[in-house]
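See below for the structure under consideration.
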Amino acid sequence: MNKEDLAIDLRGLTKRFGKTTAVDRITLAVPRGTTLGLLGPNGAGKSTTLRMLMGMARPTAGTVRVLGMEMPGLAPRIKQRVGYVPDTCHAYRWMSVEEVIRFSRAMYASWNDDRSAELLDMFQLPSKRRVRGLSKGMLAKLSLLIALAPEPDLLVLDEPLSGLDPIARDDFIEGVLRGICAEARTVLFSSHQLDEVNRLADSVAIMNAGRVLVHRPMEELLRDARRVRAVLRDGRLPDAPPANTIWQRVNRREWLLTIHPFSEDSVEMLRCDNPVEHVEVSDLSLDEVFKDFIRGEAVPC
Numbered sequence: 114m115n116k117e118d119l120a121i122d123l124r125g126l127t128k129r130f131g132k133t134t135a136v137d138r139i140t141l142a143v144p145r146g147t148t149l150g151l152l153g154p155n156g157a158g159k160s161t162t163l164r165m166l167m168g169m170a171r172p173t174a175g176t177v178r179v180l181g182m183e184m185p186g187l188a189p190r191i192k193q194r195v196g197y198v199p200d201t202c203h204a205y206r207w208m209s210v211e212e213v214i215r216f217s218r219a220m221y222a223s224w225n226d227d228r229s230a231e232l233l234d235m236f237q238l239p240s241k242r243r244v245r246g247l248s249k250g251m252l253a254k255l256s257l258l259i260a261l262a263p264e265p266d267l268l269v270l271d272e273p274l275s276g277l278d279p280i281a282r283d284d285f286i287e288g289v290l291r292g293i294c295a296e297a298r299t300v301l302f303s304s305h306q307l308d309e310v311n312r313l314a315d316s317v318a319i320m321n322a323g324r325v326l327v328h329r330p331m332e333e334l335l336r337d338a339r340r341v342r343a344v345l346r347d348g349r350l351p352d353a354p355p356a357n358t359i360w361q362r363v364n365r366r367e368w369l370l371t372i373h374p375f376s377e378d379s380v381e382m383l384r385c386d387n388p389v390e391h392v393e394v395s396d397l398s399l400d401e402v403f404k405d406f407i408r409g410e411a412v413p414c
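Counting from 114, one number per residue, gives the positions in the sequence shown under this note's numbering.
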């Protein structure tokens, strides 16, 4: 794919803090007009990756390109085309909500007053209240308003809905995010809520320990991952898991495996190379695929 067709292009991106490697040589390409869900447990390196993407942290190694331009030194005109919601709202605590909106409005030539007013009403934000008096959920809503009102070409969201109650989260997904994802805009969001990712993302990247374990279109990821349940002969243990096994567990005679990518040859290899009596194959949900990729890192196959 041509570099100009990519909204985000990360190559060998690395970030070290002393002897600790927070992000380890990741490569990630997000085509323009698509939505990527970034998954990973706490400490996986998601927020650090997004901060480097936004120019808020300098990489130890590797390159970052955003909307066709390389970081650092991203031109102000490009930064105006990017909306960013960090995991913590950084608005001045002494400002009121309406003052934060006016302050932010002055920074964006593309600020849409109608969209700002619409979001203020949707989120039921108290315009006169100061930031220091806002709840966690209200702070999340204020951050979202500031990121969305300029109608950015690229929207980067770091756990954007974590402070919202379930009703507000559903309203925002259906009323705002789904519409943005359907437009010719690019969205990259990290989330612990797998139902959000399932509903919105075109593709999924799973991170753990600073590395990208898999990055695939959502449909392909779910199509190509399978759970295999094998029944072992009495007193026997598996000899060799099939290629592409990402996780496995033996409990007495039951042998569970997750294989990605799966093929019918995987079952034939399992039967030929191991003492099994019965084999079943089933589909997996995104939640199961995510957990098995992470568990497989902790328990070598």
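All C-beta atoms, glycine included, are put in the ideal place defined by N, C-alpha and C. Source: prediction; values computed, not measured.
Spatial distance of residue i from residue j (CA atoms)
{"i": "R215", "j": "E287", "result": "27 Å"}
{"i": "T161", "j": "T140", "result": "14 Å"}
{"i": "E401", "j": "E212", "result": "44 Å"}
{"i": "I359", "j": "M251", "result": "40 Å"}
{"i": "R218", "j": "A356", "result": "54 Å"}
{"i": "E309", "j": "E272", "result": "11 Å"}
{"i": "L326", "j": "K254", "result": "31 Å"}
{"i": "E367", "j": "V394", "result": "13 Å"}
{"i": "K192", "j": "L261", "result": "14 Å"}
{"i": "D405", "j": "S229", "result": "41 Å"}
{"i": "T201", "j": "H373", "result": "35 Å"}
{"i": "M165", "j": "R171", "result": "6 Å"}
{"i": "D427", "j": "D227", "result": "What is shown of the chain runs 114 to 414, which leaves residue 427 out entirely."}
{"i": "L397", "j": "F403", "result": "10 Å"}
{"i": "Y221", "j": "P265", "result": "10 Å"}
{"i": "P388", "j": "F375", "result": "20 Å"}
{"i": "E296", "j": "N364", "result": "48 Å"}
{"i": "N225", "j": "I259", "result": "10 Å"}
{"i": "E332", "j": "R298", "result": "20 Å"}
{"i": "S223", "j": "P354", "result": "55 Å"}
{"i": "R194", "j": "H203", "result": "19 Å"}
{"i": "I407", "j": "R346", "result": "29 Å"}
{"i": "A318", "j": "D284", "result": "25 Å"}
{"i": "N155", "j": "P199", "result": "15 Å"}
{"i": "I184", "j": "P263", "result": "Sequence inspection shows Met at residue 184; the Ile mentioned does not correspond to that position. If I take the Cα positions, the gap works out to 21 Å."}
{"i": "G409", "j": "T371", "result": "9 Å"}
{"i": "W207", "j": "V244", "result": "6 Å"}
{"i": "G131", "j": "D234", "result": "46 Å"}
{"i": "Y197", "j": "G168", "result": "11 Å"}
{"i": "A328", "j": "L399", "result": "It is His, not Ala, that sits at residue 328 in the sequence shown. Approximately 13 Å between the Cα atoms of the pair."}
{"i": "R55", "j": "A120", "result": "This structure cannot speak to residue 55, because the chain is shown only from 114 to 414."}
{"i": "V269", "j": "I280", "result": "22 Å"}
{"i": "L334", "j": "N311", "result": "12 Å"}
{"i": "M182", "j": "L267", "result": "13 Å"}
{"i": "P189", "j": "S248", "result": "32 Å"}
{"i": "E381", "j": "R349", "result": "19 Å"}
{"i": "L163", "j": "D378", "result": "39 Å"}
Bridge partner(s) assigned by DSSP for residue i
{"i": "I191", "result": "Beta-bridge pairing links I191 to no other residue."}
{"i": "W128", "result": "Reading the sequence as shown, one finds Lys at residue 128 and not Trp. According to DSSP, which records beta bridges pairwise, K128 is partnered with V136."}
{"i": "Y197", "result": "V269"}
{"i": "L397", "result": "Answer by DSSP bridge pairing: none, since L397 is not bridged."}
{"i": "L119", "result": "P144"}
{"i": "G150", "result": "F302 and V317"}
{"i": "M182", "result": "V179"}
{"i": "H391", "result": "V344"}
{"i": "A174", "result": "T127"}
{"i": "S209", "result": "R243"}
Cβ-based neighbour list, residue i, same chain, cut-off 6 Å, excluding 5 preceding and 5 following
{"i": "L369", "result": "R342 and R362"}
{"i": "R282", "result": "L274"}
{"i": "A135", "result": "K128, G158, T161 and G323"}
{"i": "M256", "result": "The displayed chain sequence assigns Ser, not Met, to residue 256. Counting only Cβ-Cβ distances below 6 Å, and skipping sequence neighbours, we find V198 and C202."}
Cutoff 8 Å; reference residue i; Cβ partners in own chain excluding five residues on either side
{"i": "D137", "result": "T127, G158, A322, G323 and R324"}
{"i": "L313", "result": "T148, G150, I286, L290, R291, C294, V300 and F302"}
{"i": "D107", "result": "In this structure the chain extends from 114 to 414, so residue 107 is not present and cannot be described."}
{"i": "R384", "result": "V392"}
{"i": "T133", "result": "none"}
{"i": "D352", "result": "D386, N387 and P388"}
{"i": "K241", "result": "S209, V210 and E211"}
{"i": "G125", "result": "R138, I139, T140, A174, G175 and T176"}
{"i": "G246", "result": "none"}
Residue i: CB within 7 Å of a non-hydrogen atom of the ligand NAD
{"i": "V213", "result": "The ligand NAD is not among the ligands present in this structure, which contains no ligands whatsoever."}
Chain-order list of residues whose beta-carbon lies under 7 Å from that of residue i (same chain, five-residue window excluded)
{"i": "T173", "result": "T127, K128 and R129"}
{"i": "P239", "result": "V210"}
{"i": "F236", "result": "K254 and L258"}
{"i": "P330", "result": "D315 and S316"}
{"i": "V153", "result": "The sequence given here has Gly at residue 153, not Val. These residues qualify, in order along the chain: K159, I319, M320 and N321."}
{"i": "V344", "result": "R366, E367, V389, E390 and H391"}
Checklist line | Complete alpha helix (DSSP H) runs within the region 223-299 (minimum length 4 residues, chain order) | finding: 226-236, 249-261, 279-285 and 291-295
Check: What are the start and end residues of each continuous beta strand (DSSP E) run of 3 or more residues lying completely inside the region 315-381, in chain order?
Finding: 316-321, 324-330, 339-345, 358-364 and 367-372
Note to self: Using a Cβ distance threshold of 8 Å, determine whether the region 337-351 contacts the region 303-314, with at least three qualifying pairs required.
What the structure shows: The region 303-314 and the region 337-351 do not touch, with fewer than three beta-carbon pairs separated by less than 8 Å.
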